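So the protein lines, in turn, are chains A and B. According to our numbering, the first sequence holds residues 1 to 447 in order. According to our numbering, the second sequence holds residues 1001 to 1252 in order. Here a beta-carbon is modelled for each residue, glycine too, at the ideal position from N, C-alpha and C. In this text, all values refer to a predicted model and were calculated from it rather than measured experimentally.
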Amino acid sequence: MSAKQESRAVYLERFEADRAAWTEALPEWLMEKKRAAAEVFAGAGFPDPRHEEWKYTNVRPIARKVFQPAGEAGTRVAPPDLLEWSLGELDLIDLVFVNGRFAPELSSVGDLPGDVQVRELGEALREMPERLENRLGEIATFEHSSFAAFNTAFVEQGAFIDVPAETKVDKPVRLLFVSTAEPEPVVCHPRVFVSAGMGAMVEVIEQYVGQPEAANFTNAVTEIDVADNARVEHYRIQRESHRGYHVAGVHVNQGRGSQFASHNINLGGRLARADINTRLGAEDAHAFLNGLFMPTGRQHMDTHTRIHHAAPHTTSEEVYRGVLSGHGRGVFKGRVLVAQDAQKIEAHQSNDNLLLSRDAEVDTKPELEIYADDVVCSHGATVGQLDEDALYYLQTRAINPELAQDLLTFAFADEVVARIPLKPVREQLEQGIVGRLPDNEKLKEFV
Amino acid sequence: MSMLSIKDLHAEVDGKPILKGIDLEINPGEVHAIMGPNGSGKSTLSQVLAGREGFEVTRGEVRFGGEDLLDMDIDERALAGLMLAFQYPVEIPGVKNVYLLKAAYNALREKRGEPEVDAFEFLQLVREKLRIMDMDESFLHRGVNEGFSGGEKKRNEILQMLIMEPRLAILDETDSGLDIDALKVVSDGVNSLRAEDRSIVMVTHYQRLLNYIEPDFVHVLSDGRIIKSGDKSLALELEERGYQWVLEEAAA
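Pasting the structure below:
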């Protein structure tokens, strides 16, 4: 039996062991889902590179280890620790999780308007299961994804965000997932459910951070239902430790006239993969996918996006940038699918990459699959180095070559970050990007 | 001591000799014009002085303020006070004009052992220089030369000069692409830099710019050599009679 099979078998044993306790606590419909998901995971196991969707990302480093369950014990995170991951002056509805476990003492929800729900998912499943029935797992299906199946089988905690029609949540909801350094690395399966009712509006920030030596595996699944004329701004800020493993799937369904924006910023992780899928299910829906990945050292970062224009007159815009240095490795696959009767849609996609070292590598693959005949689609992918003329010009202005490189690299990455509407998040990320550049002390004053 | 001393300078680009033995002495306070037909090596000379990669010096020497210029890195030359206003200023999207100005200004201060400029003071200084160049403050927050018109780019070059106050200013075809109003503004900017301890070199195809910035010396460059030098009347003569007679005279 291969090492890969072995870890799967351990997880399935664990599933069986926990089953009785779950059956007590969780509604029957969810147990059914969990059982079905465990079966899918048992059958498929972890994907290997022969799988088209995993061609450039080998998950063996995840599959060959057995990650421990994240229990109540383990490293404590105290309120002052949170400062490090603060989002500046932002007034937040804040849910904090440590290794996937909800930490109420670190969280603060405050007063919410009307019937808005922002709460820990496990608690919602116990106290208001009817609000999740026929909703949880409807958008994020697991039949074709082992990681989604793995998550669903072990789903226990996460976030439940339910915004009724015509309601605006004034403060952004932040979900902070802290991964701590443990002697035995752990696995957690955060699950996030977001629903914005008709005409509702909410901003959700998923922030993944790791203590320096944390080598855990985070396997997150998010599903977002954006009803007619609703608007959701979704942020994923992935800053796991350089030893952390991170796999995430964001699954979105959009109604008529809805707007969904995704800002997916990847700076952390040893091996990180994010899938962002949105379905524009009715006319006038618009999606904006904005993303950045900056692998350095031995980091590997993979983003797969899928924009499904299932209805006519839908629009999408996608801007992804990669900055790769050291032995960093990046993967971008952007798929745009236009259904046969989805006429008059407009979809624009670009992925530009900056290779800063000889040993860095990026694989980029735009993929248009169009079955309608009256559409406007564009895509472009570039891979290049810093502009020699610009470097020269800056140096003739007394700027040393290192700072000139940093300025240009920052400017390249900032094309994505500058599109982030929440100013404190934008500023925090800009400082984060500067912090990763070699000559950053001087650069700080320019940001 | 001379500001710039060029002796027997030879340089090639892609293995092709372009400069074939240039000798030139420039003293503090002087304004020199280097004129010549297309392909004579004017721009190559500017780029060699600024330190552009790919422009290989094969023979000769250049001393700037007594020091070996060719031994200095690009930014070291700028720090030592040599500055080139580009014929084609580079567009740098995402790097704000004001950052570039500030980074350049602070680098020069650091070199002189002065502390970084206070943000308010710097803004005062930049505003004053913007007025001289008849530029709007909004230019500061646009990407360097990004989407600027030809004339705006040239103004921006001189704005940088007013901030950096080089000892040796080299203007490469600064008048090209300028309408008469812009030419006046740019010339006023350059003239405001004229000083006893500063030298200016104008590289230009036409005499036009020299109506506004009066040179002390005019040199004609042809096929990589200076074939004739004179005072400003030489420029007028070139304007009237073209380059052919100088070339013939030199060949004779």
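Within the model, the alpha-carbon separation for ALA1033 (chain B) versus LYS1007 (chain B) is close to 18 angstroms.
DSSP places ILE1163 (chain B) in no beta strand (DSSP E) but in the uninterrupted alpha helix (DSSP H) bounded by 1150-1164. The continuous stretches of alpha helix (DSSP H) do not include ALA1252 (chain B), and DSSP gives it neither H nor E. DSSP places ASP1179 (chain B) outside both helix and strand once states are collapsed to three, so it counts as coil. When Cβ-Cβ separations below 7 angstroms define contact, LEU407 (chain A) makes contact with chain B.
Residues VAL66 of the same chain have their beta carbon placed closer than 6 angstroms to that of VAL10 (chain A), with the five preceding and five following residues left out of the count. In this structure, the CA atom of VAL77 (chain A) is about 30 angstroms from the CA atom of GLY328 (chain A).
Taking C-beta separations shorter than 8 angstroms and ignoring five residues to either side along the sequence, the partners of ASP373 (chain A) in its chain run GLN343, following chain order.
Of the candidates B:PHE1120, B:LEU1101, B:HIS1219, the residue whose Cα lies closest to the Cα of GLY1036 (chain B) is B:HIS1219. Under DSSP, LEU1168 (chain B) forms a beta bridge with B:LEU1082, B:SER1199. For THR315 (chain A), the nearest beta carbon of chain B is not closer than 7 angstroms to its own beta carbon. For the C-beta of LEU90 (chain A), not a single chain B residue is nearer than 8 angstroms; the gap to the nearest is close to 24 angstroms. By the rule that beta-carbons nearer than 7 angstroms mark a contact, ASP1071 (chain B) does not touch chain A. At a cut-off of 7 angstroms between beta carbons, THR382 (chain A) makes no contact with chain B. If you draw a straight line from the Cα of LEU271 (chain A) to the Cα of TRP54 (chain A), it is about 13 angstroms long. Residue pairing by DSSP places MET301 (chain A) opposite A:ALA272, A:GLY330 in a beta bridge. The beta carbon of ALA404 (chain A) sits closer than 6 angstroms to those of LEU391, LEU394, GLN395, all from its chain and outside the five residues before and after it, given in chain order.
The three-state secondary structure of PRO129 (chain A), taken from DSSP, is helix. Spatial neighbours of THR1174 (chain B) in its own chain (CB-CB distance under 8 angstroms, excluding positions within 5 residues in sequence) are listed in chain order as ALA1085, GLN1087, LYS1154, GLU1157, ILE1158, VAL1186, VAL1190, MET1202, THR1204, LEU1209. Runs of the beta strand (DSSP E) spanning 3 or more residues and lying entirely within the segment 34-81 of chain A do not occur at all.
With fewer than 16 other Cβ atoms from the protein chains shown falling within 10 Å of its own Cβ, PRO49 (chain A) counts as exposed.
The residue among A:GLU223, A:GLU206, A:PRO185 with its C-alpha nearest the C-alpha of PHE193 (chain A) is A:GLU223. Remark: C-beta atoms of ALA230 (chain A) and ALA200 (chain A) approach each other more closely than 7 angstroms.
If you look at ASN151 (chain A), you'll find it isn't in any beta strand (DSSP E); it sits in the alpha helix (DSSP H) that goes 146-153.
A contact is defined here as three or more CB-CB pairs under 8 angstroms, and the segment 1015-1035 of chain B fails this definition with respect to the segment 425-435 of chain A.
When 8 angstroms is used as the limit between beta carbons, ASP414 (chain A) is near these residues of chain B: GLY1094, in chain order. The beta carbon of ALA1085 (chain B) does not come within 7 angstroms of any beta carbon belonging to chain A, so the residue lies off that interface.
Contact between the segment 166-186 of chain A and the segment 286-303 of chain A is not established, with fewer than three Cβ pairs separated by less than 8 angstroms.
In the structure shown, the three-state DSSP call for GLU120 (chain A) is strand.
By a beta-carbon distance limit of 8 angstroms, GLY1060 (chain B) does not contact ILE1074 (chain B). Their separation comes to about 19 angstroms. Of the other Cβ atoms in all chains shown, 16 or more fall within 10 Å of the Cβ of ILE205 (chain A); this residue is therefore buried. Contact annotation, PRO1215 (chain B) with ALA1235 (chain B): C-beta distance approximately 7 angstroms; criterion of less than 8 angstroms satisfied. Separation of GLN385 (chain A) and ARG426 (chain A) (C-alpha to C-alpha, rounded to the nearest whole angstrom) is 25 angstroms. Under the Cβ criterion of 7 angstroms, LEU1079 (chain B) is counted among the residues facing chain A. For the pair of segments examined, the segment 95-102 of chain A was found not to touch the segment 129-146 of chain A: the number of CB pairs separated by less than 8 angstroms stays below three. Linking GLN211 (chain A) to GLU84 (chain A) through their CA atoms gives a straight-line distance of about 10 angstroms.
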